[in-house]
Amino acid sequence: MRIIKRGFIREDKEAPPSENPVPARGARIITITSGKGGVGKTNITVNLAIALAQAGRRVIIFDADLGLANVDVLLGVTPRRTLYDHLYRDVSIENILFPGPGGISIISGGSGFLELANLTAKQRSNLVKNLEKLDRMADIVLIDTGAGISKDVLAFCAAADEVILVITPEPTSLADAYGLIKVLDRFNLHREVHFIVNQVRSYGESNETVYRMNHLVDKYLTIRLNYLGDICYDQTIVSSVKQQSPFILASPTSRAALAVKKIAFSLIDKKWMVEEESGLKGFISKLSRLFR
Ligand SMILES: Nc1ncnc2c1ncn2[C@@H]1O[C@H](COP(=O)(O)OP(=O)(O)OP(=O)(O)O)[C@@H](O)[C@H]1O
Ligand SMILES: [Mg+2]
5 MRIIKRGFIR EDKEAPPSEN PVPARGARII TITSGKGGVG KTNITVNLAI ALAQAGRRVI
65 IFDADLGLAN VDVLLGVTPR RTLYDHLYRD VSIENILFPG PGGISIISGG SGFLELANLT
125 AKQRSNLVKN LEKLDRMADI VLIDTGAGIS KDVLAFCAAA DEVILVITPE PTSLADAYGL
185 IKVLDRFNLH REVHFIVNQV RSYGESNETV YRMNHLVDKY LTIRLNYLGD ICYDQTIVSS
245 VKQQSPFILA SPTSRAALAV KKIAFSLIDK KWMVEEESGL KGFISKLSRL FR
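Residue 245 in the working numbering sits at position 241 of the sequence shown, with consecutive numbering throughout.
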């Protein structure tokens, strides 16, 4: 059963496999972010996207890092066209979609996101129409953002259906993550935020980090946390970055790859709220209002 109406709950587990018809209300939009920089967001986005594709989902990565976009660097592909080209250079939406490894596709936001605020009514309605096409082409869209509590990152969190926060066991990462969760809580943007603990060096360290995060949030905030899983510190990741080859493909049996696959299944199993404005179309409409 898949009820798609405001306030109802949808289960991706029951989503049709790729070859079947697409959800009526568009793709599931998930923003991946962190309080502190360099914690592993881009690596997780890319490898999680491939793991979800391996589980039969059609996945698009939207590279929304307005500073240094590096999804392409990690994948060793060069999307020469960005959202900006679609908005201002008449490049079709299909032509800014680049095939990546493992069956995923990538769209580079570039400066296009900032331009969303400046669109005319006609440009906006054209964009929305074109995004409907993309919504029919994807089950899940992962948005890779920069770190921190900037207006842009908050807008990407606000506009998405769901947020995944990446943290590491370092006290600075925990403190910055808590700062970001506090802002999300204050603005009442989401009832729940998922989190992943990355670069853990022992089972104890992972447990301790999950406990501390849950404890802090339970004690002081209304928002709920949903722990998706942890990823160990794994040298495989460091070498895969150097080789520009996602570790889930280069070393599919490494501990990091197995951990990401487990996280992909946690995400697929998770029920999520369907908003009035969902899918990529809803995401971009909300963003253009938030950036204004
Ligand atoms: N689990 C891990 N084990 C070992 N090294 C890791 C792991 N996760 C990330 N790294 C290392 O951390 C570096 C930064 O990762 P990544 O670029 O994914 O972080 P980020 O959060 O996207 O950074 P930014 O905030 O700059 O966008 C990687 O190049 C990699 O070397
Ligand atoms: Mg990054």
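Where a beta carbon is used, it is the ideal one built from N, C-alpha and C, also for glycine. Predicted model, so just to flag it, every value in this text is computed and none were measured.
Kindly list the residues whose CB is nearer than 7 Å to the CB of valine 157, restricted to its own chain and excluding five residues on each side of it in sequence; keep chain order. Within the sequence shown, numbered from 1, the residue matching residue 157 stands at position 153. If we look at valine 157 and ignore the five residues flanking it on each side, its Cβ neighbours are Thr37, Thr149, Gly150.
Looking at the secondary structure, which residues open and close the alpha helix (DSSP H) in which alanine 179 lies? As a first step, residue 179 is located in the sequence shown; it is residue number 175 there, counting from the start. Taken as a continuous stretch (DSSP letters only), the alpha helix (DSSP H) holding alanine 179 covers 175-190.
Just the C-alpha distance for serine 96 and histidine 90, rounded to the nearest angstrom, thanks. As a first step, residue 96 is located in the sequence shown; it is residue number 92 there, counting from the start. As a first step, residue 90 is located in the sequence shown; it is residue number 86 there, counting from the start. Cα to Cα, the separation comes out at about 6 Å.
Among Leu79, Arg84, Gly116, nearest to tyrosine 92 - alpha-carbon criterion: For this step, residue 92 is matched to residue 88 along the sequence shown. Checked all of Leu79, Arg84, Gly116; the closest Cα to tyrosine 92 is Gly116.
Buried versus exposed, by CB contacts within 10 Å (16 or more), glycine 41: Within the sequence shown, the letter at position 37 stands for residue 41. That one is exposed.
Is there contact here, the region 166-183 with the region 208-221, by at least three beta-carbon pairs under 8 Å? yes
Residue burial classification, lysine 126 (beta-carbon count within 10 angstroms, cutoff 16): In the sequence shown, the residue the question calls residue 126 occupies position 122. Flag for lysine 126 reads exposed.
Under a CB-based cut-off of 8 Å, is isoleucine 153 close to chain D? Annotation note: the requested chain D is absent from the structure, which comprises a single protein chain.
Considering only residues of the same chain and omitting the five flanking positions on each side of lysine 45, which have a CB-CB separation below 8 Å? Within the sequence shown, numbered from 1, the residue matching residue 45 stands at position 41. Excluding residues within five positions, the ones whose Cβ falls inside 8 Å are Ile36, Thr37, Ser38, Asp148, Thr149, Ala151, Val170.
So which of Val43, Gly30, Ala142 has the shortest CA-CA distance to isoleucine 241? As a first step, residue 241 is located in the sequence shown; it is residue number 237 there, counting from the start. Looking at the Cα atoms, Val43 is the closest of the given residues.
Three or more beta-carbon pairs under 8 Å between the region 94-108 and the region 75-83, yes or no? yes
Go to histidine 194, then tell me how far its beta strand (DSSP E) extends in each direction, as first and last residue. In the sequence shown, the residue the question calls residue 194 occupies position 190. It is not in any beta strand (DSSP E) - histidine 194 carries neither H nor E in the DSSP assignment.
Based on the DSSP output, what are the partners of proline 103 in its beta bridges? Residue numbering aside, residue 103 sits at position 99 when the sequence shown is read from its first letter. Beta-bridge pairing links proline 103 to Ser109.
Arginine 228 - partner residues in DSSP beta bridges: To locate residue 228, count along the sequence shown from 1; it is residue 224. Arginine 228 pairs with Glu196.
Assigned exposure category for alanine 179 - 16 Cβ within 10 Å defines buried: As a position in the sequence shown, residue 179 is number 175, starting the count at 1. With fewer than 16 other Cβ atoms within 10 Å, it is exposed.
From glycine 30 to valine 132, what distance separates their C-alpha atoms? Within the sequence shown, numbered from 1, the residue matching residue 30 stands at position 26. Within the sequence shown, numbered from 1, the residue matching residue 132 stands at position 128. Rounded to whole angstroms, glycine 30 to valine 132 spans 12 Å at the Cα level.
Along the chain, where does the alpha helix (DSSP H) that runs through alanine 151 open and close? For the purposes of this step, residue 151 is taken as the residue at position 147 of the sequence shown. Segment 144-151 is the beta strand (DSSP E) holding alanine 151; no alpha helix (DSSP H) there.
Status (buried if at least 16 other CB within 10 Å, exposed otherwise) for aspartate 94: The residue labelled residue 94 in the question sits at position 90 within the sequence shown. Result: exposed.
Flag aspartate 148 as yes when its Cβ comes closer than 7 Å to any non-hydrogen atom of ligand 2, and as no otherwise. Mapped onto the sequence shown, residue 148 falls at position 144. Because some heavy atom of ligand 2 lies under 7 Å away, the Cβ of aspartate 148 counts as near it: yes.
May I ask you to report which of helix, strand or coil DSSP gives glutamine 248? Numbered from its first residue, the sequence shown carries residue 248 at position 244. Reduced to three states, the DSSP call for glutamine 248 is coil.
Cutoff 8 Å; reference serine 177; Cβ partners in own chain excluding five residues on either side: Along the sequence shown, one-based indexing puts residue 177 at 173. Answer for serine 177: Ser38, Gly39, Lys40, Val43, Ile171, listed in chain order.
Beta-bridge partners of asparagine 2, as assigned by DSSP: Shown here, the chain extends from 5 to 296; a query on residue 2 therefore has no answer.
Which of the three DSSP states, helix, strand or coil, is assigned to lysine 155? Residue mapping note: residue 155 aligns to position 151 of the sequence shown, counting from 1. Correct three-state label for lysine 155: helix.
Can you check which of these residues, Arg140, Ala163, Pro250, is closest to valine 75 by C-alpha distance? As a position in the sequence shown, residue 75 is number 71, starting the count at 1. The candidate whose alpha carbon is nearest that of valine 75 is Pro250.
Sufficient close CB pairs (3 or more, under 8 Å) joining the region 245-260 to the region 227-234: no
Per-residue burial, alanine 263 [other beta carbons within 10 Å of its own, 16 or more giving buried]: Mapped onto the sequence shown, residue 263 falls at position 259. So alanine 263 ends up on the buried side.
Check whether the Cβ of valine 157 sits closer than 7 Å to any heavy atom of ligand 1, and report yes or no. Here residue 157 corresponds to residue number 153 of the sequence shown, with the count starting at 1. Valine 157: no, Cβ never under 7 Å from ligand 1.
Leucine 220 - DSSP class collapsed to helix/strand/coil: Mapped onto the sequence shown, residue 220 falls at position 216. Reduced to three states, the DSSP call for leucine 220 is helix.
Let's see if you can read the secondary structure: which residues bound the alpha helix (DSSP H) around phenylalanine 273? Counting from 1 along the sequence shown, the entry for residue 273 is found at position 269. Contrary to the premise, residue 273 reads as aspartate rather than phenylalanine in this sequence. It spans 259-273 - the alpha helix (DSSP H) in which aspartate 273 sits, taken as one unbroken run.
Let me check you understand the geometry: is the CB of valine 242 closer than 7 Å to at least one non-hydrogen atom of ligand 1? On the sequence shown, residue 242 is found 238 positions in, with the first residue counted as 1. Yes, Cβ of valine 242 sits closer than 7 Å to a heavy atom of ligand 1.
Given 7 Å as the limit, tell me if lysine 266 has its C-beta closer than that to any heavy atom belonging to ligand 1. By one-based count along the sequence shown, residue 266 stands at place 262. No, since every heavy atom of ligand 1 falls outside the 7 Å radius drawn around the Cβ of lysine 266.
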